[in-house]
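Participant:
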Amino acid sequence: MKFYVDPEVCIGCGLCAETESEVFKMDDDGKAVAYQESTNSNEESAKDAMNSCPVDAISDV
Numbered sequence: 001m002k003f004y005v006d007p008e009v010c011i012g013c014g015l016c017a018e019t020e021s022e023v024f025k026m027d028d029d030g031k032a033v034a035y036q037e038s039t040n041s042n043e044e045s046a047k048d049a050m051n052s053c054p055v056d057a058i059s060d061v
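In structure tokens:
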């Protein structure tokens with residue numbers, strides 16, 4: 001599954017990167033990015049990361 005983080009909405013809290021670091025990371029501007037698609041083994045935790053975003057900046061595409 002592929003995810004998208006809207007940089008205009010992201011507040012840079014880092015919760016997604018803490019929840020699933022194989023899919024999300026923080027960029028040099030302090031915003032989250034989805035740098036890799038999830039796999040079968042981490043798809044649930046990536047969805048948890050998306051759902052835990054306090055400003056709903058993450059969507060699945």
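Following UniProt numbering, the numbering of the sequence shown begins with 1 at its first residue and continues without gaps.
For glycine and all other residues, C-beta sits at the position ideal for the given N, C-alpha and C.
Taking its Cβ as the centre, do 16 or more other Cβ atoms sit within 10 Å of Val9, making it buried, or is it exposed?
Facilitator: One-based indexing of the sequence shown puts residue 9 at position 9. Flag for Val9 reads exposed.
Participant: Residues in the same chain with beta-carbon distance under 6 Å from Val55, minus the five sequence neighbours each way, listed in chain order, please.
Facilitator: Start at 1 with the first residue of the sequence shown, and residue 55 comes out as number 55. Taken in chain order, the residues that qualify are Val9, Ile11.
Participant: Nearest CA to the CA of Ser52: which residue from Asp29, Ser38, Glu18?
Facilitator: Sequence index remark: in the sequence shown, residue 52 carries index 52 (1-based). Checked all of Asp29, Ser38, Glu18; the closest Cα to Ser52 is Glu18.
Participant: Among all the DSSP beta bridges, which residues are the ones paired with Asp60?
Facilitator: Residue 60 sits at position 60 when you count from the first residue of the sequence shown. In DSSP, Asp60 forms a bridge with Phe3.
Participant: Suppose you measure from the CA of Ala34 to the CA of Ser59; what does that come to, to the nearest Å?
Facilitator: Position 34 of the sequence shown, counting from 1, holds the residue named residue 34. Position 59 of the sequence shown, counting from 1, holds the residue named residue 59. Cα-Cα distance, rounded: 10 Å.
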